[in-house]
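A.B. asks:
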Amino acid sequence: MSTFASSRETTEGTIYSVTGGDWDQVASEIGSAKEERVVVNMGPQHPSTHGVLRLMLELEGETITELRCGIGYLHTGIEKNTEFRTWTQGVTFVTRMDYLSPLFNETTYCLGVEKLLGITNDVPERASVIRVMMMELNRISSHMVALGTGALELGAITPMFFAFREREKVLDVFEKVSGLRMNMAYIRPGGVSQDLPEGTVSGIRELIKDLRKNFKDNAKLLIGNSIWIKRTKGVGYLDLAGCITLGVTGPVLRSTGMPWDLRKTQPYCGYENYDFDVITADTCDVYGRFLIRMQELEQSLRIIEQCCDKLDKLEGAPVMVADKKIAWPAQLSLGGDGLGNSLDHIRQIMGTSMEALIHHFKIVTEGFRVPAGQVYTPVESPRGELGAHLVSDGGTRPYRVHFRAPSFSNLQSTSAMCEGSLIADVVAAVASIDPVMGDVDR
Amino acid sequence: MSEQKGSFGIQGTGDTSGYGGLVRSSFSPTSAQKPYGSYFDEVTDELERAFPEFNDAIEKVVVDRGELTLHIKRQRLFDVAKTLRDTETLRFEVCLGVSGVHYPEDSQRELHAVYELLSMTHNRRMRLEVSAPESDPHIPSLVEVWAGTNWHEREAYDMFGIIFDGHPALTRILMPDDWPGHPQRKDYPLGGIAVEYVGATIPSPDNRRSYR
Amino acid sequence: MSGAAADWNGINKMGLEEKLPSGFLLTTVEKLAGYMRKNSLWPATFGLACCAIEMMAIGSAGKYDISRFGMEVFRASPRQADLMIVAGRVSNKMAPVVRQIYDQMAAPKWVLSMGACASSGGMFNNYAIVQGVDHIIPVDIYLPGCPPRPEMLMDAILKLHEQIGNEKLGVNRAKIVKEVEASAIAATPIHQIPVFGKQG
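Residue numbers (my numbering), protein chains in the order written: chain A, 71 to 512; chain B, 5 to 216; chain C, -12 to 187.
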């Protein structure tokens, strides 16, 4: 069993498996071969490719002449799975697509279901404010991962520690509110699954102060850092025309100078009532996108502050739509054996109201019926425009759920960004696109 | 014994609820009448002005839940798309993606491809829908109009078997390259396995008796 | 009990395994080798989906760091790694890659299947997902959860450490491998185990 490079002949030519310590041998063999093309595979398991992404690079020296992405290594068939579950159970499936920003998946799906049901205006205001707050917190945690892993892939390890440290604080809030750190299934069609527990808003206010102070750690490390600038300035260039024709949205589009943010241009969930800026850069490169993400953190903090103020005023308001035939019935609470139906709810359905019992039974087993039709509801996720195309045939199960994943469209642009640059720049460019493979492959 | 209908006893599916007799009609969107409301009239008028064979190419205009959908004949798709992108007053520069839908009961029009369009200059959205029969699943490719549809059309091919004519490299993208069948069609099973518990097995989600 | 009793006999005729004594001397060597191996387990980066994020959290966030066990060095190259934490859902397209990475790891190696999707296919009981990574590679310890909290992953790692510390070598190992195989062949399938005394 040789530990050096083994080669085998195929119809496409010789394939070398490089295992380390044998580069001289490989280089001399390739050099003597007549074949000019060298195709290198940065395979699905790789520390720097942001998930199970396969990059096939055709090289000439260190420069890339052609780049192709191989995706599908995380294809889960989520869209087909939702066709066999009720509309509410779809939330738990859909939340695992873009696993770094699960609440955005949930929100876009629920906005779609609500549009199909026609109850978009009946969703209580407190629910919308909670949704906005949770989404902005999710934006912070997602950008933290983007910054941390992006820096890690370029060799800077400390920003990753700082980023994940702050992210833990945000995840603590998620856990307090919804019970889970990730993939919470908190936002349901009609509202949110349960109200904020005691002390959440004051806890979040403390957290904002903390985060504002600690975001400076990463900023001090990287902004203006000459090594960081050398690695990221001018790298991964994609101008406005390229972005538009490829359907690229999000920080990549905003780095070209185009201030397109769905929260401002086509607001949803009451975003028109919040005061925040759309961050753009005009350098079209990795450094610009990095700066955009850092500044969007601050904007998200502003929105969360405004949410906290609104929540204080909306104490005691409902968080689920009033129509009992749609609203998820139980208020959950922490019992002896974990999170479950609150005892008040059980007392009500068993003792007082027959209808409540029937509603609970029918909604949980059969699900509510959604009138036939199709909708497309987009939201601005940390990666770009995330949209849900939902088709209903009038039943309790979706007929077709298709997600327009921002990472899928954004990842198409790697070829345009990286051909003609060096291998090290591919890593930076892919990190700046910030693809989440669960979103790409669904 | 003579057949006994009615009242209890398992007959047919064993469904004693009585709801087994429910018939729900299949869904097909009705064409909307002018005026459509909001910016939809402007869009359709502009399109009619810019694309003279409008009535020939557009099968149906559906306005539902605040969204505009144009059902187009597949032969005309490329020209309509180009017009939508290039006309100054329309300028739908961004195509957000292609979504496939499979309607097996809609005979001769089973495979639908839905294109979401966005105009950033005018801040508008609309949708194009084309259909193709399963026996001849060809739809012209729009990669030359919007480059971003490249991977989306590959995904629609992979999942539904819609063949996009003129696509530069139509191969499978999500499933392994040699996978047989098109997973998201309605006649493709979900493919799960029965789950084993102590003493019993529960069949996979598409084989369980559940509501529709 | 698959991985611990996995038979590496074909390939470990070099190094420690071939120089083993037997009897109580073997027990001493086992204890020493187990102690050494468990305290410097290096994981291979095999994060696939959501569980990978929790694995990153355990590797880098302050509260949960695993460098207290000497495990914060996630080796990118499987040749240098001891532990493969399969974190996330394994799709049918990814399965050959998983197997290849496992094969490229040098013995001794262990596998921790993290999360419901890696252990059993999780909530995705469909055409695209391998219903449990143990269909492809032998797993030493399964960790349920969706995703499991970092504390749960740490608990699994500690239990795996215990298991590694108590592993048998040489002739003792060969004996256990035989026993496990025999019991697995003789076992009733789970869904036929009688419940409450009834025949299933």
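Glycine included, each C-beta is placed from N, C-alpha and C at the ideal position.
Buried or exposed for B/N154, please, with buried defined as at least 16 other CB atoms from any protein chain shown within 10 angstroms of its CB.
C.D. replies: Its Cβ being crowded by 16 or more others within 10 Å, B/N154 is buried.
A.B. asks: When you check each C-beta in the segment 455 to 471 of chain A against every C-beta of chain B, which residues fall closer than 9 Å?
C.D. replies: Per Cβ criterion, the list reads E455, G457, H459, V461, S462, D463, G464, G465, T466, R467, Y469 and R470.
A.B. asks: For A/T228, would you say it is in contact with chain C, using Cβ-to-Cβ distances shorter than 8 Å as the test?
C.D. replies: With 8 Å as the cut-off, A/T228 does not count as an interface residue toward chain C.
A.B. asks: Would you mind working out which of A/A494, A/G386 and A/E223 sits nearest A/P194, comparing C-alpha positions?
C.D. replies: Residue A/G386 is the option with its Cα nearest to A/P194.
A.B. asks: Give a yes or no on whether the minimum CB-CB distance between C/I180 and chain B is below 8 Å.
C.D. replies: C/I180 counts as touching chain B.
A.B. asks: Starting from the C-beta of B/S123, find all residues in its chain whose C-beta is less than 6 Å away, skip the five residues before and the five after it, and write them out in chain order.
C.D. replies: Result list for B/S123: R95 and F96, in chain order.
A.B. asks: Taking just the CA atoms, how far does C/P135 sit from A/A197?
C.D. replies: So the two alpha carbons sit approximately 28 Å from each other.
A.B. asks: In the structure shown, what three-state DSSP assignment does A/M230 receive?
C.D. replies: Reduced to three states, the DSSP call for A/M230 is helix.
A.B. asks: Would a C-beta distance cut-off of 8 Å place B/G2 and C/N112 closer than the cut-off?
C.D. replies: Nothing about residue 2 of chain B can be read from this structure; chain B reaches only from 5 to 216.
A.B. asks: Give a yes or no on contact between the segment 448 to 456 of chain A and the segment 177 to 184 of chain A, applying the rule of three or more CB pairs nearer than 8 Å.
C.D. replies: Yes: at least three Cβ pairs fall under 8 Å.
A.B. asks: Whole angstroms are fine: how far does the CA of A/H430 sit from the CA of A/T466?
C.D. replies: Distance between the alpha carbons of A/T466 and A/H430: 15 Å.
A.B. asks: What residues from the segment 438 to 454 of chain A come within 7 Å of chain E, judged by C-beta to C-beta, listed N to C?
C.D. replies: The structure shown contains no chain E; its protein chains are A, B and C.
A.B. asks: If distances are taken between C-alpha atoms only, which option among A/N343, A/T315, A/R417 and A/T484 comes closest to B/K86?
C.D. replies: Nearest of A/N343, A/T315, A/R417 and A/T484 to B/K86, Cα basis: A/T315.
A.B. asks: Sort out for me which residues DSSP pairs B/T125 with in a bridge.
C.D. replies: In the DSSP output, where bridge partners are listed per residue, B/T125 has none listed.
A.B. asks: I want to verify the contact list: residues of chain C whose CB lies under 7 Å from the CB of A/R166, in sequence order.
C.D. replies: In chain order: C37.
A.B. asks: CB A/I216 to CB A/D504, shorter than 8 Å?
C.D. replies: Note that residue 216 of chain A corresponds to Ala in the displayed sequence, not to Ile. Yes, these two residues count as a Cβ contact at 8 Å.
A.B. asks: Helix, strand or coil, according to DSSP, for A/Q313 in the structure here?
C.D. replies: Checking the displayed sequence, the identity of residue 313 of chain A turns out to be Cys instead of Gln. DSSP places A/C313 in helix when its eight states are reduced to three.
A.B. asks: In this structure, does DSSP put A/S485 in helix, strand or coil?
C.D. replies: Reduced to three states, the DSSP call for A/S485 is helix.
A.B. asks: If you measure between the beta carbons of A/S462 and A/V434, is that distance less than 8 Å?
C.D. replies: No, these two residues do not count as a Cβ contact at 8 Å.
A.B. asks: Which same chain residues, not among the five before or five after A/T158, have their C-beta less than 7 Å away from its C-beta?
C.D. replies: The answer, listed in chain order, is R258, P259, W398 and G437.
A.B. asks: So the beta strand (DSSP E) B/D169 belongs to, where does it begin and stop?
C.D. replies: Residues I167 to D169.
A.B. asks: At 7 Å on the CB atoms, spell out the chain B contacts of A/K185, in chain order.
C.D. replies: Per Cβ cutoff of 7 Å: R69.
A.B. asks: If contacts are defined as beta-carbon pairs under 8 Å, then A/L371 and A/L281 qualify, I think. What distance do you get, rounded to the angstrom?
C.D. replies: Rounded, the Cβ-Cβ distance is 6 Å, consistent with contact.
A.B. asks: Give the secondary structure of A/N111 by DSSP, where H, G and I count as helix, E and B as strand, and everything else as coil.
C.D. replies: Three-state result, A/N111: strand.
A.B. asks: Return the Cβ separation of A/V202 and A/C339 in integer angstroms, given the expectation that the two are a contact with Cβ distance under 8 Å.
C.D. replies: The pair is a contact, with the Cβ atoms about 5 Å apart (cut-off 8 Å).
A.B. asks: Residues in its own chain within less than 8 Å of B/P193 by CB, not counting five upstream and five downstream?
C.D. replies: Hits under 8 Å: D210.
A.B. asks: Alpha carbon to alpha carbon, what distance is there between C/A93 and C/A68?
C.D. replies: Distance between the alpha carbons of C/A68 and C/A93: 8 Å.
A.B. asks: Can you find a C-beta in chain C that's less than 8 Å from the C-beta of A/N111?
C.D. replies: No, A/N111 does not count as interfacial toward chain C.
A.B. asks: Is the distance from the Cβ of A/A458 to the Cβ of A/R512 below 8 Å?
C.D. replies: No.
A.B. asks: Please say whether A/T484 and A/L224 have beta carbons closer to each other than 8 Å?
C.D. replies: Taking 8 Å as the Cβ cut-off, A/L224 and A/T484 do not qualify as a contacting pair.
A.B. asks: With a cut-off of 8 Å, do at least 3 Cβ pairs link the segment 107 to 114 of chain B to the segment 57 to 76 of chain B?
C.D. replies: No, the segment 107 to 114 of chain B does not touch the segment 57 to 76 of chain B.
A.B. asks: What in chain C is Cβ-close to B/G196, meaning under 7 Å?
C.D. replies: Per Cβ cutoff of 7 Å: N112 and N113.
A.B. asks: Beta-carbon within less than 6 Å of A/L422's beta-carbon, same chain only, minus the 5 sequence neighbours each way: which residues are those?
C.D. replies: Note on residue identity: the sequence assigns Thr, not Leu, to residue 422 of chain A. Closer than 6 Å at the Cβ level, and outside the excluded window around A/T422, lies no residue.
A.B. asks: For a test of the three-state rule: what should DSSP assign to A/A438, helix, strand or coil?
C.D. replies: Contrary to the premise, residue 438 of chain A reads as Phe rather than Ala in this sequence. In this structure, A/F438 counts as coil in the three-state DSSP scheme.
A.B. asks: Since B/T73 sits in a beta bridge, which residues does DSSP pair it with?
C.D. replies: Paired residue(s): B/V66 and B/R131.
A.B. asks: What are the boundary residues of the alpha helix (DSSP H) that includes A/L137?
C.D. replies: A/L137 -> not in any alpha helix (DSSP H); beta strand (DSSP E) instead, spanning T133 to G140.
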